[in-house]
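So for the sequence shown, the working numbering puts the first residue at 6; every next one is plus one. No residue lacks a Cβ here, since even glycine has one placed at the ideal position from N, Cα and C. Source: prediction; values computed, not measured. One structure is given here, and the rest of the page talks about it.
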Amino acid sequence: MKRGIPVAWQKRNGMVTGYLVVLIVTLSAPAINASEPPTVLIMGDSLSAAYGIEHEQGWVTLLEERLDDQATVVNASISGETTSGGLQRFSAILEKQQPDIVLLELGGNDGLRGLAPNQMRSNLASMIEQSQEIDAQVLLLGIDIPPNYGQAYRDAFTGVYYSLAEEYDVPLLPFLLEGVALNEQLMQEDGIHPTAEAQPLILDNVWPELEPLLGGGYQASAN
């Protein structure tokens, strides 16, 4: 009678083989979601909502085109939004979108309404903290208000962005409309909102601060 491998050994050999297969597959498998493009969330007001121009002309749409398929852009901006309004919506948006990068472009309407900078700061701080709790990177997009609001109020207003950037160690673009706001040809008749022609310049302001957050593997679209 031909002697074979004991049944117990056969079972054990099969188990070991199975473990080895699982181990090999596990070690060779890529990290979960490692190949998925990052999600970039923009929480803003009319400056990011293409107010007074065609939607496809806005700087956020231009950003989406530049990123092409290498990132998913979610624009949650609403014209007239304040930091309080943004904060009320923020947690639900975070839960739904699970962004990797959050651009906070809020505060302009707080300033235009003369709201307390301390409250504005508290609202923005809460949004930064919520973002960091889910390991999302934050980019602050600052804004300024007209001189007729008084230098003391303007200093307190713009100081909010600087203090938040320092406290939470997040990058800051001090003035979103740099090179745009003082050029009448690039502003709509209301003197507050930029024209379609200004949108590429706004994106160029944002890009140097945003690009490092996207990681080294990013290549600009040829479009």
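Integer Cβ distance of residue i from residue j, believed to fall under 8 Å
i    : j    : result
A81  : M48  : 5 Å
I150 : L182 : Actually they do not touch by this definition, with Cβ atoms about 11 Å apart.
Q102 : T44  : 6 Å
E214 : L178 : 5 Å
L146 : E110 : 4 Å
L68  : V107 : With 8 Å as the limit, L68 and V107 do not qualify as a contact, their Cβ atoms being about 14 Å apart.
N128 : S89  : 6 Å
L144 : P104 : Contact doesn't hold; Cβ gap of about 11 Å is too wide.
E155 : N114 : In the sequence under discussion, the amino acid at residue 155 is Gly, which differs from the Glu named in the question. About 18 Å separates the two Cβ atoms, so there is no contact after all.
L3   : V78  : The requested residue 3 is not part of the displayed model; the chain covers only 6 to 228.
G91  : H198 : That belief does not hold up - the Cβ atoms of G91 and H198 are roughly 18 Å apart, past 8 Å.
Residues bridged to residue i (per DSSP)
i    : result
V211 : V211 is not bridged to any residue.
Q142 : I106
N80  : I47
L191 : In DSSP, L191 forms no bridge with anything.
L177 : L145
P152 : Paired residues: none, contrary to the question.
P199 : M192
Residue i classed as buried or exposed, judged by whether at least 16 other C-beta atoms fall within 10 angstroms
i    : result
G116 : buried
D50  : buried
S53  : buried
V12  : Any reading at V12 must be qualified, since the residue scores a pLDDT of 41, below 50, and its modelled position is unreliable; no value is offered.
L187 : exposed
N18  : Note that N18 scores a pLDDT of 49, beneath 50, so its modelled location is shaky; the value from the coordinates is reported in the next line. N18 is exposed by the Cβ-count criterion.
A34  : The pLDDT assigned to A34 is 33, lower than 50, so where the model puts this residue is not dependable; a value taken from the coordinates is nonetheless given after this. Burial call: exposed.
R118 : exposed
A227 : Low confidence applies here, because A227 scores a pLDDT of 45, under 50, leaving its location unreliable and the question unanswered by this model.
V211 : buried
A157 : exposed
P152 : exposed
G196 : exposed
Q142 : buried
G220 : exposed
G184 : exposed
Of the residues the options, the one placed nearest residue i, counting alpha carbons only
i    : options                   : result
R126 : Y166, Q103, D209 and L208 : Y166
E100 : L144, N114, M132 and A55  : M132
E172 : Q137, N153 and E189       : Q137
D140 : Y154, Q124 and L218       : L218
D174 : A130, D209 and A157       : A130
R159 : L72, G112, H198 and V143  : G112
A121 : G164, I83, G85 and Q93    : G164
Q75  : F180, T200 and E41        : E41
D209 : F180, F162 and F95        : F180
- Message: When you compare the segment 62-77 with the segment 199-206, are there three or more beta-carbon pairs, one atom per stretch, that lie closer than 8 Å?
- Response: yes
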